[in-house]
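When we follow UniProt numbering, the leftmost residue of the sequence shown carries the number 1, and every step to the right adds one.
Using N, Cα and C, we set each Cβ at its ideal position, and we do this for glycine too.
Since we're looking at a predicted model, the values are computed, not measured.
To start, the structure itself, in structure tokens.
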Amino acid sequence: MSSSSTPESAERSAVLQAYRAKVLEHREVEGRVKSMRENVKTLVREYHKTEDDLKALQSVGMIIGEVLRQLDEDRFIVKASSGPRYVVGCRTKVDKTKLKSGTRVALDMTTLTIMRYLPREVDPTVYHMLNEDAGNVSFSSIGGLNEQIRELREVVELPLTNPELFLRVGIKPPKGVLLYGPPGTGKTLLARALACNINATFLKVVASAIVDKYIGESARVIREMFGYARDHQPCVIFMDEIDAIGGSRFSEGTSADREIQRTLMELLNQLDGFDSLGQVKMVMATNRPDILDPALLRPGRLDRKIEIPLPNEASRMDILKIHSGPITKRATLTTSRSSSSRTASTAPTSATCAQKPASLRSAPTATTSSRKIS
1 MSSSSTPESA ERSAVLQAYR AKVLEHREVE GRVKSMRENV KTLVREYHKT EDDLKALQSV
61 GMIIGEVLRQ LDEDRFIVKA SSGPRYVVGC RTKVDKTKLK SGTRVALDMT TLTIMRYLPR
121 EVDPTVYHML NEDAGNVSFS SIGGLNEQIR ELREVVELPL TNPELFLRVG IKPPKGVLLY
181 GPPGTGKTLL ARALACNINA TFLKVVASAI VDKYIGESAR VIREMFGYAR DHQPCVIFMD
241 EIDAIGGSRF SEGTSADREI QRTLMELLNQ LDGFDSLGQV KMVMATNRPD ILDPALLRPG
301 RLDRKIEIPL PNEASRMDIL KIHSGPITKR ATLTTSRSSS SRTASTAPTS ATCAQKPASL
361 RSAPTATTSS RKIS
């Protein structure tokens, strides 16, 4: 009995060893197949990259041109970047309704056929205006300016969100608004809140940054800015410190003064020229409205003038409540001392709630609930 079981156990152990060897061999082969698959994926990526490089090397570049006029349904007069003018055809896939006078197009190197429509060339300064970070400001975080906020939203936001109201009444919506008042009363803060809450393209520029030392460059930036705004309607343009270029014109002055006057004339032309602004709204801010040119302030350009006054006692209380919201308070807020300062603007009132770390460390830890902060 034992002699018969010995060959069976030996055979079984031999089969198990053979099975283990096959399993190990299978795992080894599976690992090699996996690595080969990874190599195949890498080779495929390199192949596609090489194909793209070959296509880029074999492709022919295109000439950038400008459409001057449309002759008929299929032919256009274009001006190449090198200077000559040509009568050319158009590719069937190109939308011909976009090919208006002044449109940039790509021309075939050999036949000069219009191959594609190109967007307007935009100055980098305009892109910098577009990417200006307005922060996270809401109208509810602005205290004491409820009436000014209502007027600003009526002039700027309402025509962009509900233009049918003006069409139904039969009136033209205002083109622009001027925010004026003493320094530190919240003019720029209102514009930042408008940028955060309106669903439109927002361009923010300081007027002094437009002025360039080369003749004609400042006016060109103004044209580029309004051209970009018309292409990306609805759009709001905010120009801070407009008195830098909008001062009253005079006959005498240096060449720099004449360049600023040319910039102002280009701004006036864009505001009330032959080309309609459409859904482009203008917001300007200044603390020197007395020196602005009368041509800029007339109706049809800046239709509304909103004064941002110094805060009164109730407004200062609203500002204190807003800025002291995240602060731990063990007292009652009053304005008995601040009410005596009638010329204080919004900025020092809001700065009251800002404390230095050293003063926080030296502050007492316990106060009575009946104590008043004046």
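With a threshold of 6 Å on Cβ separation, who are the neighbours of residue i within its own chain once the five nearest residues in sequence on each side are excluded?
i	result
Ile-64	Ser-81
Ser-369	With a pLDDT of 35 at Ser-369, under the threshold of 50, the predicted position of this residue should be treated as unreliable, though the coordinate-derived value follows. Around Ser-369: no qualifying Cβ.
residue 393	In this structure the chain extends from 1 to 374, so residue 393 is not present and cannot be described.
Pro-289	Tyr-180
Gly-300	Asp-272
Ala-244	Ala-207 and Ser-208
Thr-103	Val-67
According to DSSP, what are the bridge partners of residue i?
i	result
Gln-70	Phe-76
Glu-307	Tyr-180
Cys-90	Ile-114
Val-206	Asp-240
Thr-286	Tyr-180
residue 381	As displayed, the chain neither begins before 1 nor continues past 374, which places residue 381 out of reach and without an answer.
Lys-281	Val-236
Arg-192	Arg-192 is not bridged to any residue.
Thr-201	Cys-235
Arg-262	Its beta-bridge partners do not exist; DSSP assigns none.
Below 8 Å between beta carbons: does that hold for residue i and residue j?
i	j	result
Val-280	Val-156	no
Ala-207	Asp-240	yes
residue 376	Val-88	No information on residue 376 is available, as it lies outside the stretch 1 to 374 that the chain covers here.
Leu-190	Leu-130	no
Phe-226	Gln-270	yes
Leu-302	Leu-310	no
Glu-151	Arg-304	yes
Ile-242	Leu-203	no
Ile-306	Val-205	no
Ala-285	Lys-187	yes
Ile-308	Thr-185	yes
Thr-263	Val-211	yes
Phe-139	Asn-197	yes
Asp-293	Gly-246	yes
Arg-69	Ser-101	yes
Asn-287	Pro-124	no
Gly-278	Gln-233	yes
Helix, strand or coil: how does DSSP classify residue i here?
i	result
Phe-238	strand
Ser-13	helix
Val-105	strand
residue 375	What is shown of the chain runs 1 to 374, which leaves residue 375 out entirely.
Leu-292	strand
Lys-172	coil
Pro-7	helix
Arg-120	coil
Gly-216	coil
Gly-31	helix
Arg-85	strand
Gly-143	coil
Gly-246	coil
Leu-99	coil
Gly-227	helix
Leu-161	In the sequence as displayed, the identity of residue 161 is Thr instead of Leu. Note: Thr-161 maps to helix in three-state DSSP.
Thr-42	helix
Thr-185	coil
Asn-312	coil
Glu-25	helix
Thr-254	coil
Ser-211	For the record, residue 211 in the displayed sequence is Val; it is not Ser. Three-state result, Val-211: coil.
Ser-338	The pLDDT assigned to Ser-338 is 47, lower than 50, so where the model puts this residue is not dependable; a value taken from the coordinates is nonetheless given after this. In this structure, Ser-338 counts as helix in the three-state DSSP scheme.
Val-221	helix
Tell me which residues share the same chain as residue i and place their Cβ nearer than 8 Å to its Cβ, disregarding the 5 neighbours each side in the sequence.
i	result
Phe-166	Pro-159, Lys-172 and Pro-173
Gly-61	Met-109
Tyr-19	none
Met-115	Met-62, Arg-91, Val-94, Val-105, Ala-106, Leu-107 and Asp-108
residue 448	One cannot answer for residue 448 here, as it falls past the ends of the chain, which runs 1 to 374.
Ser-339	Any reading at Ser-339 needs caution, since the residue's pLDDT is 48, under 50, leaving its predicted position unreliable; the model's value is listed next. Once the five neighbours on either side are set aside, the close Cβ partners of Ser-339 are Glu-313 and Arg-316.
Val-126	Leu-203, Val-221, Glu-224, Met-225 and Tyr-228
Ser-248	Ile-291, Leu-292, Asp-293 and Pro-294
Does the beta carbon of residue i fall short of 7 Å from some heavy atom of the ligand PLP?
i	result
Glu-151	Looking at this structure, you won't find the ligand PLP or any other ligand, since it has none at all.
Enumerate in chain order the residues of its own chain whose CB-to-CB distance from residue i is below 7 Å, with the five nearest sequence positions on each side excluded.
i	result
Val-122	Glu-224 and Tyr-228
Thr-111	none
Pro-11	Looking at the sequence shown, residue 11 is not Pro but Glu. Correct list: empty, nothing qualifies.
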